[in-house]
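Input: a single structure, listed below in structure tokens.
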Amino acid sequence: MAERDAAQEEVDQLASDWQAATELAERLTAEHRDADRSFKSDAAKLSEKQDKFIEELLEGHEQDRAALGRQRDEAKALADAVAQQLAETKQEVDRYVAALAEERQRAAQIAGEREAEAQKADRLAEEREASTREAAKVAAEQDVFLAELLEGHDRAIAAAKRERDFAKQQGKAATRELAELKITAMRLKGAQTG
């Protein structure tokens with residue numbers, strides 16, 4: 625009797641344990657089901673957020689690519705403008721250098737011409753100085769010649785005056801002799817007639 629009661633208690637205990645185990649299993653199953661639904665919901669939400677994030681990321685990436693494209697185009701346009709400006713500046717510098725070289729060549733030519741003119745002026749000055757010395761020499765020689773000529777002329781005039789005076793004296797003497805001869809002739813003629 626006691627064994628049957630013990631067995632009954634054991635059966636009851638087993639039934640109670642089984643009931644508890646069943647309830648626990650059901651509770652765990654329900655919790656697992658809830659957890660699975662929550663996980664799936666969270667996973668769906670996470671997937672949606674990821675999709676949205678990826679979409680926004682891609683959209684942002686496309687915007688960044690577009691912005692980068694615009695920046696690249698702007699940079700290329702700026703580089704082209706800078707290259708054009710550099711080319712124009714180089715052309716301007718080349719023109720300036722060519723003009724400067726031409727100006728230097730012209731200045732050198734003018735300097736050469738001025739040097740030639742200065743040398744020509746020096747030669748002319750030397751020639752003028754030589755001509756002045758020659759003219760002074762000729763003038764001195766002419767002065768000497770004129771002085772000698774005048775001196776000779778004065779001597780000739782003096783000699784002519786002396787010859788003239790001598791001729792006058794001879795003329796007077798001849799006149800006296802002629803008068804004396806006439807007187808003598810008249811005397812002789814008078815003596816012959818008397």
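Just so you know, the sequence shown maps onto residues 625 to 818 in my numbering. For every residue, glycine included, the Cβ atom is placed at its ideal position computed from N, Cα and C.
(request) Taking only runs that begin and end inside the stretch 695-738, name each unbroken alpha helix (DSSP H) of 4 or more residues, in chain order. (result) none
(message) Residues in the same chain with beta-carbon distance under 6 Å from Q794, minus the five sequence neighbours each way, listed in chain order, please.
(response) none
(request) Give me the Cα-Cα distance between L802 and H777, rounded to the nearest whole angstrom. (result) Using only the alpha carbons, I get a separation of about 36 Å.
(request) May I have the straight-line CA-CA distance separating E753 from A771, to the nearest angstrom? (result) 26 Å
(message) Could you tell me the alpha carbon to alpha carbon distance between A707 and E686, rounded to whole angstroms?
(response) 30 Å
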